[in-house]
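Protein chains in written order, with this note's numbering: chain H, 5 to 356; chain D, 5 to 356; chain X, 5 to 356; chain W, 5 to 356.
4 protein chains.
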Amino acid sequence: MMSRRIPVAVLGATGSVGQRFVQLLDDHPWFELAVLAGSEQRVGKTYAETCHWTLPLPMPEKAARMTIVESEPEFVDVPLVFSALPSSIAKEREPLFAKAGIAVCTNAGAFRQELDVPILLPEVNPGHAGLIPVQRKNRGWSGLIATNPNCTSTGATIALRALLDSFGVQRVLMVSMQALSGAGYPGVPSMDIIDNVIPFISNEESKVQWEPRKMLGTLAGDHIELADIAISAHCNRVSVSDGHLVCVSAELGQSADPAEVAQALSNFQAPEEARKLPSCPSPVIKVTNRDDRPQPRLDRMTGNGMTTVVGRLREDPILQIKFIVLSHNTIRGAAGGSIFNAELLHSQGMIT
Amino acid sequence: MMSRRIPVAVLGATGSVGQRFVQLLDDHPWFELAVLAGSEQRVGKTYAETCHWTLPLPMPEKAARMTIVESEPEFVDVPLVFSALPSSIAKEREPLFAKAGIAVCTNAGAFRQELDVPILLPEVNPGHAGLIPVQRKNRGWSGLIATNPNCTSTGATIALRALLDSFGVQRVLMVSMQALSGAGYPGVPSMDIIDNVIPFISNEESKVQWEPRKMLGTLAGDHIELADIAISAHCNRVSVSDGHLVCVSAELGQSADPAEVAQALSNFQAPEEARKLPSCPSPVIKVTNRDDRPQPRLDRMTGNGMTTVVGRLREDPILQIKFIVLSHNTIRGAAGGSIFNAELLHSQGMIT
Amino acid sequence: MMSRRIPVAVLGATGSVGQRFVQLLDDHPWFELAVLAGSEQRVGKTYAETCHWTLPLPMPEKAARMTIVESEPEFVDVPLVFSALPSSIAKEREPLFAKAGIAVCTNAGAFRQELDVPILLPEVNPGHAGLIPVQRKNRGWSGLIATNPNCTSTGATIALRALLDSFGVQRVLMVSMQALSGAGYPGVPSMDIIDNVIPFISNEESKVQWEPRKMLGTLAGDHIELADIAISAHCNRVSVSDGHLVCVSAELGQSADPAEVAQALSNFQAPEEARKLPSCPSPVIKVTNRDDRPQPRLDRMTGNGMTTVVGRLREDPILQIKFIVLSHNTIRGAAGGSIFNAELLHSQGMIT
Amino acid sequence: MMSRRIPVAVLGATGSVGQRFVQLLDDHPWFELAVLAGSEQRVGKTYAETCHWTLPLPMPEKAARMTIVESEPEFVDVPLVFSALPSSIAKEREPLFAKAGIAVCTNAGAFRQELDVPILLPEVNPGHAGLIPVQRKNRGWSGLIATNPNCTSTGATIALRALLDSFGVQRVLMVSMQALSGAGYPGVPSMDIIDNVIPFISNEESKVQWEPRKMLGTLAGDHIELADIAISAHCNRVSVSDGHLVCVSAELGQSADPAEVAQALSNFQAPEEARKLPSCPSPVIKVTNRDDRPQPRLDRMTGNGMTTVVGRLREDPILQIKFIVLSHNTIRGAAGGSIFNAELLHSQGMIT
């Protein structure tokens, strides 16, 4: 019933990820979009007036009529907010909400390195939500902050979880070809990417080299012990609207041929507690056996953009195994991931 | 003087690489374009009539007026032909020319794996031309076949030569983002690449994993001993017209920090005998220190498309060093490379 | 009920438009995909094996398992076939089906100029189906051939119908910017369209200058009297996957300001007999008042790709009014249009 | 001799058009780049440090070492400045230079509508420089402001000049497909143009409908009488880096078939006084007879980017004649045009 859904807000609602939140929350079974917050100059305008909507779907009608409010807890009186704020603003603003008793599920990177803030992927590490009580105690919050990983880390970490469970993982080299939407809006100038590749994304490689280690690590009381995996990343921007592709070469903990690795990936299931959540993709990982797939344009919407697609499993002459991972960066890797996290935390009784 | 230049032919003159040969030979100091050969249905037509010219430069006027002849030695009576034939046709046709006493400098891959056929990069392995006498003896040819490497191997091998000389090289992982022109014409359908990346190029990875080992190997009498380097490649097609970008992670033979590696690359010079040739780029390798370079659109024409551009030198957490290499695939990696090879062989007295 | 749906076939099922037919028929309320026909070398293979599927949606599972048959009436024993054949093949093949008592709803242009073959848009000229009895009598067919217009004519003709009804139309100048999918597959080589526009599409302008006149004409017994409208077209290919955009300048039959024209377009409704059909878009025409819309990427899926989107209504200093029309070329302008036509003919009792 | 060249400055030197000025002035026979001016936060930095160079050519070495100064006459002590300032800033700043005795050749649109400021194309209306003495008298300036037209007007106006001279011109409908570089940098966000066309460019259509009338008009004492031509324009942004394509339909003053029109365009010559200037293209107009040309990627650099390329001459069923015009928007349509204007004014003794 409508009246029993949890009212939620989106912070940074007019940006690229904010728009995805609005779209994905339009018809959510548990959450009801109740508040849209934006920057000062947009406050008081309707979403339709102030938002330069860039999704190839119509703006949801209900959202279109909503009026933008300030990103302050007093104007956003709901138990759960989704944050699409830029990291620098998130750093200051998100704690105000957590302190005010509001759960913040955020796509911003500002708190990912904090010892008491989990980076969550429900398919991978639902137990890391165990940091929330630590966080509340440490900071005196009745709310919480939970983050999802960087969009490039997302798909790769899901695939690595399956490999780690089956074979162990020791070393991983990743080269990304990342979509334009990952840079937000206005983001990458068209003159920089037409007939071009930009072999650099500021601060991205360090995130991709570290975040998977936290997510694949072990909750040890009040902190996460990082997984003992060495990761190297090259990050590139390519002329694709949505969908990050990552070439992965990995050394596993034991011998395994490509067919066995494919099997392990295909068989991978989300942990029991994640599997029943509305946003849990089925399958979590789709393994394609077509030579030239996955491809961003053709495969990014697999499982409504929540499934991780893996292909081209083959031996690596240096490490051990190589393959391609595709993940939709603004759905699984951003807004959809945050919503999935909120579902997890709600099912665990941490958002009520 | 015009009259003393060596008359040359281009086989497969109407294709993508053939057009580059025609353009680059338009004003060559040593070679004079004398014959254009094409497939049967084009024979008898002028180049202007039959060629769907796709270079962003006007078709050279002299070539425009030339009439296409058959790709048979009797119609191509010159001491040197450049071959832009598809490999399957090259396999049959190129030996006919070599047998007829004609030097064939080819971009086709058909003979690259033959023990007595060199894959030449004058900056890297001019001494491998020493296989030509072996080849002539083995096959009873008075002509010759000399190949240039696959376009993706080209830039990476030039960079590896510099590293090998200074530090040794043990293991190399390469991930390419390759230009559309590398697939020829009509090549990649536009519907396959718009808003997309294709993470697969047929037979490319095996070439990139093997050819550098031959070029960096040692001439031992009648064959090349492959360099003892392990290489792994992922090859991808991106929406770029010209210019292959390769992300490289390498383990060297000794410790070296990024600054030392940059220095070694910058200092690299072509061997004496290559340095004086008309097509020798200066510098052979340009190291850029801008964070976000090299980029295909902005940097591919460095050194008239013959210079290899390297950037983003940094430590690799798994192997040792990582960087980006850019090389113009239809100039340095194809037609320009073959012409440079012909200059080398001519200076060595093998083409007269 | 499933069992009562009309079994249908797709001819040319593996091509670009053929794939759209397969996708759109996957869940059609009246028609059930029963047969897929393809070219000789594909016969006997499953659709999944032989089709290079290029839609950004998964191949329907039922179709994937179907086996390709020959495009001959004896192998295609259904009352209705949808044809995505190339025109040259359609010319010979479609009459064989019509003669065999099968209704052919075709996207091919082969018969559009025949006096007794209608070009149908159910929103525009459902009454032109009155040519079918003439056609049957003339040709001794128990089946029929009905065509949909060229994809570029489609959206413009729908808009012109609304204008003609309200104000009359005298002269129309159209400049198209057409999507790549309109050229089929492999279609436009990527090297021809990257960083480029191709200001030419073979035979397109003559179609766009003539077909709307037939569709907007009057059924006069056994033929259509062409509408007395002068049309000029410039046709261009741009780097867009789907969605044809047409800039239109028009001289109407009476004075009307942009607001009145917008009103007439917004108010336009499909004729009663078309309105109840499953594929009838609602609205038929959507008028957007945003300055910079419609845009192909953002608006092509309006009304599941069946709605015609019009924007930028303003005065034209030479003719009278100018505006932009967007129509999805492989849905409304091709497969979806043919299916809509079949629905119309079925509701009129001509397909049973 | 170097020492006798006129020292010149570029205002707004780091922007998209500013970079073109710097590149084109690198080796100019009459002008020597002496000063680069930029916005406040760049002052004191070298051009290499502060400029995000986006041309696919290396930054000229001399410019790279120059230090940015403020855009104030006291810091820019040269007889001639080229302005690539945004219009809003040009409005205030350019008169300060003109007052200080400096000739300003500007690409900005700020003064184009002023009665005493000429919009110059040396091939079209060199005599309009006759407004300069009027301007000096009106405004008490010892310097001057001369503008070049909007980049989209440029090519079309050159073609119309040839038609006007030969046949007269009455009505012209133009639909542009404009390059991304025309929007400056950062300009069009990549997410707005990937797989898309934007059928709107702010304030562009009114310029294209008016500027050609001024340039094709007649100097009548102290003002220009606008040419009596009705023009309608639709302006679109497409995914092309450089080169504006315009589809033109025109009604001439007398009957002329496509061949006659082609002849008139081919025969068109710049007036005597423009012909001898260094930047005068030869030919001024190139008429191509290939069906599918001109194309931006292949033809924009014709005549070093200064030639106007026209193709697809054919009858127009509504007006009279139709064709395509291509002009390089940042060379002929911006920086190259301003430089050409300065050459004209110098040859006329107005810049010394």
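We put the beta carbon where it would ideally sit given N, CA and C, even for glycine.
- Annotation: the continuous alpha helix (DSSP H) that includes residue 345 (chain X) extends over 340-351.
- In this structure, residue 20 (chain W) sits away from residue 283 (chain W), with a CB-CB distance that is not shorter than 8 Å.
- With a threshold of 8 Å between beta carbons, residue 251 (chain H) makes contact with chain D.
- Taking C-beta atoms as the reference points, residue 30 (chain W) and residue 64 (chain W) count as a pair closer than 8 Å.
- When X:153, X:80, X:254, X:125 are compared, the shortest CA-CA separation from residue 115 (chain X) is found for X:153.
- When rounded, the separation of the alpha-carbon atoms in residue 343 (chain W) and residue 86 (chain W) is 8 Å.
- Contact annotation, residue 242 (chain D) with residue 242 (chain H): C-beta distance approximately 5 Å; criterion of less than 8 Å satisfied.
- Counting of Cβ neighbours within 10 angstroms places residue 159 (chain H) among the buried residues, the total reaching 16 or more.
- Residue contact check for residue 15 (chain W) against chain D: no CB pair falls below 8 Å.
- C-alpha of residue 248 (chain X) to C-alpha of residue 336 (chain X): approximately 10 Å in a straight line.
- Taking 9 Å as the upper bound on Cβ-Cβ separation, chain H lies near no residue of the region 141-172 of chain D.
- With a threshold of 16 other beta carbon atoms within 10 Å, residue 295 (chain D) falls short and is exposed.
- Segment contact: the region 301-318 of chain H against the region 189-202 of chain D, three or more CB-CB distances shorter than 8 Å; contact assigned.
- Linking residue 311 (chain D) to residue 174 (chain D) through their CA atoms gives a straight-line distance of about 25 Å.
- Considering only W:62, W:338, W:319, W:122, the residue with the shortest C-alpha distance to residue 177 (chain X) is W:319.
- Contact between the region 267-275 of chain D and the region 202-217 of chain D is absent, with fewer than three C-beta pairs closer than 8 Å.
- Per DSSP, residue 49 (chain H) lies in no alpha helix (DSSP H) segment and is marked neither H nor E.
- In terms of Cα proximity to residue 92 (chain X), the closest of X:16, X:217, X:171 is X:16.
- Residue 304 (chain X) carries a coil assignment under DSSP once its states are collapsed to helix, strand and coil.
- For residue 199 (chain X), the nearest beta carbon of chain H is closer than 8 Å to its own beta carbon.
- Here residue 348 (chain D) is near residue 126 (chain D), since their CB atoms are less than 8 Å apart.
- Contact annotation: residue 40 (chain D) and residue 67 (chain D) have beta-carbon atoms nearer than 8 Å.
- If the five residues before and after residue 170 (chain X) are omitted, its C-beta is found closer than 6 Å to the C-beta atoms of 268, all from its own chain and listed in chain order.
- Note that the C-beta distance between residue 239 (chain H) and residue 182 (chain H) is below 8 Å.
- Across the structure, residue 70 (chain D) and residue 50 (chain D) are spaced so that their CA atoms are roughly 5 Å apart.
- If you look at residue 240 (chain X), you'll find it in the beta strand (DSSP E) that goes 234-241.
- Under the three-state reduction of DSSP output, residue 118 (chain X) falls in the coil class, being neither helix nor strand.
- Rounded to whole angstroms, the Cβ separation of residue 317 (chain W) and residue 265 (chain W) is 6 Å, and the two are in contact under 8 Å.
- Neighbours of residue 305 (chain X) in chain H, taken as residues at a C-beta separation under 8 Å, are given in chain order as 60, 61.
- Rounded to whole angstroms, the separation of the alpha carbons of residue 106 (chain X) and residue 34 (chain X) is 17 Å.
- The beta carbons of residue 151 (chain W) and residue 123 (chain W) sit closer together than 8 Å.
- Out of D:42, D:307, D:229, the CA that lies nearest to the CA of residue 132 (chain D) is found in D:229.
- In the DSSP assignment, residue 180 (chain H) forms a beta bridge with H:239, H:250.
- Selection X:130, X:330, X:255 evaluated against residue 218 (chain X) yields X:130 as nearest (Cα-Cα).
- Residue 190 (chain W) and residue 56 (chain W) have their C-alpha atoms roughly 10 Å apart.
- For residue 235 (chain D), the chain H residues whose C-beta falls within less than 7 Å of its own C-beta are 321, listed in chain order.
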